[in-house]
Amino acid sequence: MNKIIYIGVALILVGLVSFALIFNGSPSVRYVNTSISASVYACYSGEGDFSCPPEVNVTIIEVADFQCPYCGSDEPIVWNILKEYAGKVRLGFINFPLPEHQYSEKAAEAFECAVDQGKEWRLYSLMFQNQGDLSVSSLKSYAVQAGLNSTLFNNCLDSGVKAGVVQQQFNEGVRLGVRGTPTFFINNQMLEGYQSQSSFENIINRVLNQASNSS
């Protein structure tokens with residue numbers, strides 16, 4: 034029954050909003066006065082190394098659906114940003130599977146299963162890069178490509194044990210005022226819809242300059 038929560042009347046509108054947000058000429062930015070965090074983070078510390086230093090100046094929290102086309106379009110841009118600002122920016126992720134996407138729920142669970150093995154970011158990229166095929170059998174294939182233990186991953190995915198975690202993250206997105214995907218939080222600034230690399234850079238540079246001036 035808890036999965037029925039996804040298809041409340043108010044949340045059905047999310048898919049339409051995610052489409053409409055793309056057509057803003059400039060980034061839609063709102064300030065959010067609440068704590069924002071994710072359970073896992075990635076930084077760029079070298080090829081294949083997603084570890085983060087003890088302190089970073091900027092945190093990007095991505096709220097996304099693995100079947101959302103514009104989320105997929107932002108995947109390479111996000112990695113470019115992490116490389117450009119290595120040691121200064123970290124990425125967190127919150128699952129927000131939209132009800133109209135057939136495979137997004139299991140893809141979100143797959144990400145959380147990969148977290149258990151510390152290889153979630155490899156699977157993250159593979160799923161975004163293969164959005165046209167996110168069936169359960171394909172998710173298991175991508176997990177092998179990402180270097181996960183297939184027995185542990187398959188058992189995790191088939192059991193549905195991560196459904197509750199995904200539900201909690203979805204609820205957190207609703208609490209934060211997320212109306213569609215992708216949504217990004219850069220520290221306390223909320224950006225809705227697809228973002229270009231320059232959009233990220235403008236806000237990150239401003240945050241870094243403010244931090245430098247206040248130190």
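In terms of the numbering used here, the sequence shown has 225 at position 192, counting the first letter as 1, and numbering is strictly consecutive. Note that CB positions come from ideal geometry on N, CA and C, so glycine has one too.
In this structure the region 87 to 103 lies against the region 155 to 165, because at least three pairs of beta carbons, one per stretch, are closer than 8 Å. DSSP places residue 73 outside both helix and strand once states are collapsed to three, so it counts as coil. The alpha-carbon separation between residue 81 and residue 87 amounts to approximately 19 Å.
By the neighbour-count definition (other C-beta atoms within 10 Å, threshold 16), residue 64 is an exposed residue. Note on geometry: alpha-carbon atoms of residue 209 and residue 68 lie some 9 Å from one another.
Burial is judged here by how many other beta carbons sit within 10 angstroms of a residue's own beta carbon; residue 130 has at least 16 and is buried. A direct Cα-Cα distance of roughly 20 Å separates residue 181 from residue 128. Restricting attention to beta strand (DSSP E) runs no shorter than 3 residues, the region 78 to 122 encloses them at 91 to 97, ordered along the chain. Non-local beta-carbon contacts of residue 227 in its own chain, meaning distances under 7 Å to residues more than five positions away in sequence, involve 55, 103, 106, 107, 215 in chain order. Going by beta carbons, residue 74 and residue 125 fall inside the 8 Å limit.
Counting only residues of its own chain and dropping the five nearest sequence neighbours on each side, residue 66 has a CB closer than 8 Å to the CB of 221. A contact between stretches requires three or more CB pairs, one per stretch, nearer than 8 Å, and the region 193 to 208 meets this requirement with the region 135 to 144. A residue is called buried once 16 or more other Cβ atoms fall within 10 Å of its Cβ, and residue 240 is buried on that count.
In the structure shown, residue 65 falls within a coil segment according to DSSP collapsed to helix, strand and coil. For residue 184, no beta strand (DSSP E) encloses it; the enclosing alpha helix (DSSP H) starts and ends at 183 to 192. Excluding sequence positions up to five before and after residue 202, its CB lies within less than 6 Å of the CB of 127, 128, all in the same chain and listed in chain order.
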